[in-house]
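Position in the sequence shown (from 1) plus 7 gives the number in the working numbering.
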Amino acid sequence: MPGMSGTAISAGAERVVLERGPLRIEVDLRPFSFTIRRAGRRVIRNASVWVADGTSSDHFVQMTE
């Protein structure tokens, strides 16, 4: 796959791996999760997101400079 200069991208049916210098990001597609490594050392392992049915009464307040 084409990528930015110095970036290696490999993709399979279930996983995508991005590498640039000492940084490596592994994205598992099913179930979705990602792992981040720097210089071979795991920084974040199997991070994921979740959703829940329902409603929210939160209000977004945009901060400006």
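Glycine included, C-beta positions come from ideal geometry on N, C-alpha and C.
Predicted model, so just to flag it, every value in this text is computed and none were measured.
Reduced DSSP category for residue i - H, G, I as helix; E, B as strand; rest coil
i: residue 67; result: coil
i: residue 60; result: coil
i: residue 12; result: coil
Check whether residue i and residue j have beta carbons under 8 Å apart
i: residue 48; j: residue 31; result: no
Cα-Cα separation between residue i and residue j, rounded to whole angstroms
i: residue 35; j: residue 63; result: 29 Å
i: residue 29; j: residue 54; result: 19 Å
i: residue 61; j: residue 16; result: 37 Å
i: residue 33; j: residue 69; result: 32 Å
i: residue 21; j: residue 65; result: 35 Å
i: residue 19; j: residue 50; result: 23 Å
i: residue 40; j: residue 23; result: 11 Å
i: residue 42; j: residue 56; result: 13 Å
i: residue 71; j: residue 58; result: 29 Å
Spatial neighbours of residue i in its chain, beta-carbon cut-off 6 Å, leaving aside the 5 residues before and after
i: residue 26; result: 15
i: residue 52; result: 42
Cβ neighbours of residue i in the same chain (closer than 8 Å, five flanking residues each side left out)
i: residue 37; result: 21
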